[in-house]
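Numbering (this note's numbering), first residue to last: 2 to 432.
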């Protein structure tokens, strides 16, 4: 079932629904409901008929406090269900290489790993060799320990730094970046406040450049927000509200138990967003047309606030996302955006002025590209490798700005995200 060569953004439209099929006795919401293989297959088929783009089959519970199961037991649980779903769109929820390998042999197309390739060193090779899609999930600790007093200085920055590091690891192991999506891990080592902040600032994680998969369905945070401090699960209604909120903030795939309700709610949310689309609409991956990406454009420059930064050129890395209209799909070279011309325009902006702030440099580049090229919206991220602000040692600092043609003339203000990651202490400072 693996869609050879197709990026995950093309395999799954936005928003897509992933149906949850747990073949476990102890999952937090539906444990035991699908232990019988026939029940699991029936549930999965119903979800697909109701509009799920894929079903996620899991044989090991990752609820808070859950204990690990053996390889043999996990295989015993998932193989009959996978055999019964041959030829249908299936994801395997596992952190074990041998389970993933067998599932992929039986037709699974996506590996959903809550350990983000930390649990089994061989899993990265299995995914890379198969060409499967991969979801990397943030989790602090293990399911057994993750809810023991979770603490963060800035949960969004720290989750972003983790996911970016795991993304780089996966790519270095041979997994193609275009096959990867990211999951902030709602409920995996987070308090209620952490989960709500992640949801509220989900758009910041979208700047990592990969589609976001979000699982909020029936989670206890929803029940606790609704007024029950001891809730172990959330209601279907709360799950729908959270899913729509996540979609509006950038989620691409929603992992859910109640497929029909989510499909209908998200279709309404999508229609409302489409009706509001226009030149000033928020940059939303997959919303209209196509998105072109230019990654890792290296241009030296003299930008910063320190004297040495202005005297000597330093490398700056530019990532650009260009949202273009359907007219660009004519397959005629004269209708295309000229990558070389874009790169030269970025170079000219960098050479034309010394910027003190990364966000000002990113905004200037975004303004220039939006004004001069046939784009509906542009996102620019500028990274400064080996930044050392205020005595810190950082892998890089970065700023991201979004623009549409005419934004500046209409008086809009820059929307910038400034984030620094990977300090020499392994923490991500609040920016």
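C-beta: ideal position from N, C-alpha, C; glycine also.
Residue i versus residue j - alpha carbon distance
i           : j           : result
residue 352 : residue 302 : 7 Å
residue 320 : residue 185 : 22 Å
residue 289 : residue 343 : Confidence is the limiting factor: at residue 289 the pLDDT is only 49, short of 50, which leaves the residue's position unreliable, though a coordinate-based value still follows. Cα to Cα, the separation comes out at about 21 Å.
residue 118 : residue 322 : 27 Å
residue 431 : residue 46  : The pLDDT assigned to residue 431 is 29, lower than 50, so where the model puts this residue is not dependable; a value taken from the coordinates is nonetheless given after this. Looking at the two C-alpha atoms, the distance is approximately 45 Å.
residue 381 : residue 367 : 6 Å
residue 9   : residue 355 : 38 Å
residue 97  : residue 62  : 13 Å
residue 286 : residue 295 : Unreliable positioning characterises residue 286 in this predicted model, as indicated by a pLDDT of 45, which lies under 50. A coordinate reading is not provided.
residue 297 : residue 312 : 24 Å
residue 171 : residue 221 : 31 Å
residue 25  : residue 272 : 36 Å
residue 282 : residue 260 : Summary for residue 282: the model assigns pLDDT 45, below 50, so the residue's position carries little reliability; its value from the coordinates is reported in the next sentence. So the alpha carbons of these two residues sit roughly 28 Å apart.
residue 279 : residue 405 : Note that residue 279 scores a pLDDT of 46, beneath 50, so its modelled location is shaky; the value from the coordinates is reported in the next line. Rounded to the nearest angstrom, the two C-alpha atoms are 10 Å apart.
residue 409 : residue 371 : Annotation note: pLDDT 44 at residue 409 (below 50); position unreliable, coordinate value reported separately. One C-alpha to the other measures close to 10 Å.
residue 115 : residue 23  : 14 Å
residue 17  : residue 276 : 19 Å
residue 163 : residue 264 : 30 Å
residue 213 : residue 233 : 25 Å
residue 308 : residue 318 : 21 Å
residue 150 : residue 270 : 35 Å
residue 341 : residue 374 : 12 Å
residue 11  : residue 225 : 36 Å
Proximity below 8 Å, CB of residue i to CB of residue j
i           : j           : result
residue 198 : residue 156 : yes
residue 360 : residue 291 : no
residue 244 : residue 267 : yes
residue 200 : residue 247 : yes
residue 176 : residue 128 : yes
residue 1   : residue 141 : With the chain represented from 2 up to 432, any question about residue 1 goes unanswered, as that position is not in the structure.
residue 338 : residue 379 : no
residue 69  : residue 41  : no
residue 105 : residue 131 : yes
residue 52  : residue 78  : no
residue 49  : residue 84  : no
residue 241 : residue 262 : yes
Short CB-CB distance (under 8 Å) between residue i and chain D
i           : result
residue 307 : Among the chains in the structure shown there is no chain D, since it carries only a single protein chain.
Given residue i as reference, the closest of the options once Cα atoms are compared
i           : options               : result
residue 362 : 304, 312, 342 and 344 : 304
residue 112 : 126, 94, 106 and 120  : 94
residue 159 : 118, 196 and 180      : 196
residue 365 : 236, 347 and 154      : 347
residue 299 : 293, 84, 114 and 383  : 383
residue 152 : 235, 234, 201 and 194 : 194
residue 80  : 37, 55 and 399        : 37
residue 209 : 235, 173, 22 and 251  : 251
residue 440 : 255, 192 and 217      : Any question about residue 440 goes unanswered here, given that the chain covers just 2 to 432.
residue 385 : 18, 265, 228 and 396  : 396
residue 75  : 241, 91, 103 and 249  : 103
residue 254 : 314, 313, 57 and 78   : 57
residue 316 : 109, 125 and 398      : 398
residue 207 : 270, 43, 249 and 225  : 249
residue 92  : 345, 13 and 400       : 13
Span of the alpha helix (DSSP H), counted from its first residue to its last, around residue i
i           : result
residue 271 : 260-276
residue 206 : 203-207
residue 163 : 156-173
residue 9   : 9-12
residue 370 : 359-373
residue 248 : 237-249
residue 176 : Neither: residue 176 is in no alpha helix (DSSP H) and is coded neither H nor E.
residue 151 : Residue 151 -> no alpha helix (DSSP H), and no H or E assigned at all.
residue 224 : 221-226
residue 72  : 72-85
residue 92  : No alpha helix (DSSP H) holds residue 92; the beta strand (DSSP E) holding it covers 91-94.
residue 141 : Counting along the chain, residue 141 falls outside any alpha helix (DSSP H), and DSSP gives it neither H nor E.
residue 217 : No alpha helix (DSSP H) contains residue 217, which DSSP labels as neither H nor E.
Cβ separation of residue i and residue j, assumed to be a contact under 8 Å, to the nearest whole Å
i           : j           : result
residue 187 : residue 215 : 6 Å
residue 306 : residue 357 : 5 Å
residue 257 : residue 21  : 7 Å
residue 217 : residue 236 : The Cβ separation is near 12 Å, so there is no contact.
residue 137 : residue 168 : 6 Å
residue 110 : residue 133 : 6 Å
residue 123 : residue 174 : 10 Å between Cβ atoms; not a contact.
Limits of the beta strand (DSSP E) - the one that residue i falls within
i           : result
residue 297 : 291-302
residue 17  : 17-23
residue 305 : Where residue 305 is concerned, there is no enclosing beta strand (DSSP E), given that its DSSP letter is neither H nor E.
residue 122 : Unbroken run through residue 122: none, as it is neither H nor E.
residue 105 : Where residue 105 is concerned, there is no enclosing beta strand (DSSP E), although the alpha helix (DSSP H) it sits in stretches over 98-106.
residue 111 : 111-114
residue 386 : 378-386
residue 138 : 134-138
residue 57  : 55-59
residue 325 : 315-325
residue 211 : Segment: none, residue 211 is in no beta strand (DSSP E) and carries neither H nor E.
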